[in-house]
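Residue numbers (our numbering): 1 to 296.
Even glycine gets a Cβ: it sits at the ideal position worked out from N, Cα and C.
Notes for the one structure printed next.
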Amino acid sequence: MYLQLLKALNRLHPRAWDFVQLSRMDRPIGIYLLLWPTLTAVWIAGNGSPSLANVLIFGLGVVLMRAAGCCVNDFADRKVDGHVKRTADRPLASGRVKPREALALFAVLVGLSFLLVLCTNASTVWLSFGALALASCYPFMKRYTYYPQVVLGAAYSWGIPMAFTAAGQSLPAAAWLLYIANLLWTVGYDTYYAMVDRDDDLKIGVKSTAILFGEADRVIILTLQLLSLGCLLLAGNRFELGGGFYLGILGAAACFAWEFWSTRKLDRESCFKAFLHNHWAGMLVFVGVVLDYALR
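Put into structure tokens, the structure is as follows:
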């Protein structure tokens, strides 16, 4: 139904689908991976009863900023994507969308996101500039460092401190534990994603943690995932979360174990499936938090 609605946009304008693909609205996995930890922070910051306004602001903000990030990512990679099997048909790489059009859509999406942030408070507005800086510079990092996934993790985690300031709170130390947990988790799942393109990236000189980790890739990913769960457990203790939360953590651990096992052959398909599977881990942690507060 969701994809059918998006494709119906072509009836309004023949190029609409090109911009849907540019913003990756037809591939919502990135929305999920950003949404679950952000909503987890919104729930904890609101002590289990977040305001409807904050849920809507951060929910819509996730959709808009993820789409904006995809636009600037494809702009940065417009001369590279054509050499990678998985990305050769993207709108910018194939010439269906012009670079200036991608930047214009990026500006519109960022502008809409900023209007949402203006509905919060001054502290959250100031923090939002950090989110914009990280989202803007991430796509260019793969030219200069083997750690672009770390920058992505920092960007994908920035909504966590914003959730606490939007709830009218100061930033407790435990909020930064949530931030670090999400950063580590993001580096892990995006390394699985980078493993899909590793052969192509080596040929064209693009850097990633998948290349850096080499033959130790799966072991390092699992280590990062376990460290992420450790940080979540520490944060849960600080926020006095209970049984529901720990069930969610257990479910996420099971997801990580399955991903480690399923990628043992290191083929592209299994690595991509492992990346997609992280959606369930994030959802289980969020559901665990909601359940924990609901049972009190």
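Helix, strand or coil: which one does DSSP assign to Tyr138?
-> In the three-state reduction of the DSSP assignment, Tyr138 falls in the helix class, which pools H, G and I.
In whole angstroms, what separates the C-alpha of Asn278 from that of Pro14?
-> Taking the CA atoms as reference points, Asn278 sits about 34 Å from Pro14.
Cα-Cα, which of Leu232, Ala167 and Lys273 is closest to Ala253?
-> Of the candidates Leu232, Ala167 and Lys273, Leu232 places its Cα closest to the Cα of Ala253.
Report buried or exposed for Pro148, applying the criterion of at least 16 other Cβ atoms within 10 angstroms of its Cβ.
-> Counting Cβ neighbours within 10 Å, Pro148 comes out buried, since at least 16 surround it.
Classify Tyr293 as buried or exposed, calling it buried when 16 or more other Cβ atoms lie within 10 Å of its own Cβ.
-> Tyr293 is buried by the Cβ-count criterion.
Is the segment 24-40 touching the segment 150-166, taking contact as three or more C-beta pairs under 8 Å?
-> Contact between the segment 24-40 and the segment 150-166 is present, with at least three C-beta pairs closer than 8 Å.
How long is the line joining the alpha carbons of Tyr146 and Lys85, rounded to whole angstroms?
-> Between the alpha carbons of Tyr146 and Lys85 lies a distance of about 21 Å.
Beta-carbon spacing of Lys120, Ala166 below 7 Å = This sequence places Thr at residue 120; Lys is not what is there. In contact: Thr120 and Ala166 (Cβ atoms closer than 7 Å).
Under a three-way DSSP split, which group does Ser123 fall into?
-> The answer is helix: DSSP assigns Ser123 an H, G or I state.
Given Ala53 as reference, the closest of Ser123, Leu116, Ile29 and Tyr32 once Cα atoms are compared = Nearest option by C-alpha distance: Leu116.
Look at the alpha carbon of Ala104 and the alpha carbon of Val62, and state the distance between them as a whole number of angstroms.
-> A straight line joining the alpha-carbon of Ala104 with that of Val62 spans about 19 Å.
Measuring alpha carbon to alpha carbon, tell me which of Cys271, Ala122, Trp258 and Leu60 ends up nearest Ser170.
-> The alpha carbon of Ser170 has as its nearest neighbour, out of Cys271, Ala122, Trp258 and Leu60, the alpha carbon of Ala122.
Could you give the DSSP three-state label for Ala174: helix, strand or coil?
-> Ala174 falls in the helix class under three-state DSSP.
Given Leu342 as reference, the closest of Arg24, Phe58 and Val285 once Cα atoms are compared = Since the first residue of the chain shown is 1 and the last is 296, residue 342 is not available in this structure.
Reducing DSSP to helix, strand and coil, say where Asn73 ends up.
-> Asn73: helix per DSSP, three-state reduction.
Segment limits, alpha helix (DSSP H) that includes Val150 | For Val150, the uninterrupted alpha helix (DSSP H) segment begins and ends at Pro148 to Tyr156.
Just the Cα atoms here: how many angstroms apart are Asp307 and Leu229?
-> With the chain represented from 1 up to 296, any question about residue 307 goes unanswered, as that position is not in the structure.
Report the rounded CA-to-CA distance for Tyr192 versus Tyr246, giving the unit in angstroms.
-> Each residue's Cα considered, the two are about 25 Å apart.
With distances taken from CA atoms, which of Thr124, Asp200 and Arg264 is nearest His83?
-> Nearest of Thr124, Asp200 and Arg264 to His83, Cα basis: Asp200.
Give the straight-line distance between the Cα atoms of Leu183 and Phe275, rounded to the nearest whole angstrom.
-> Approximately 15 Å between the Cα atoms of the pair.
contact_flag[the segment 93-110, the segment 14-25] where n(CB pairs < 8 Å) is 3 or more = A contact between stretches requires three or more CB pairs, one per stretch, nearer than 8 Å, and the segment 93-110 meets this requirement with the segment 14-25.
Take the Cβ of Asn73 as the centre, count every other Cβ of all protein chains shown within 10 Å, and call the residue buried at 16 or more, exposed below.
-> The residue in question, Asn73, is buried, as its Cβ has 16 or more Cβ neighbours within 10 Å.
Are the segment 252-266 and the segment 215-224 touching, with three or more C-beta to C-beta distances below 8 Å?
-> Short answer: they touch.
Val47 - DSSP class collapsed to helix/strand/coil | Inspection of the sequence shows that residue 47 is occupied by Asn rather than by Val. When DSSP states are grouped into helix, strand and coil, Asn47 belongs to the coil group.
Where in the segment 155-229 do unbroken runs of the alpha helix (DSSP H), each at least 4 residues long, occur, reported from the N-terminal end onward?
-> Whole alpha helix (DSSP H) segments, 4+ residues: 159-166, 173-196, 198-204 and 209-213.
Using a Cβ-Cβ cut-off of 8 Å (strictly less than) and excluding sequence neighbours within five positions of Ser49, which residues of its own chain qualify?
-> Same-chain partners within the cutoff: Tyr293.
Chain-order list of residues whose beta-carbon lies under 6 Å from that of Ala181 (same chain, five-residue window excluded) = The residues are Ser228, Cys231 and Leu232.
Leu202 versus Thr87 - alpha carbon distance = Rounded to whole angstroms, Leu202 to Thr87 spans 15 Å at the Cα level.
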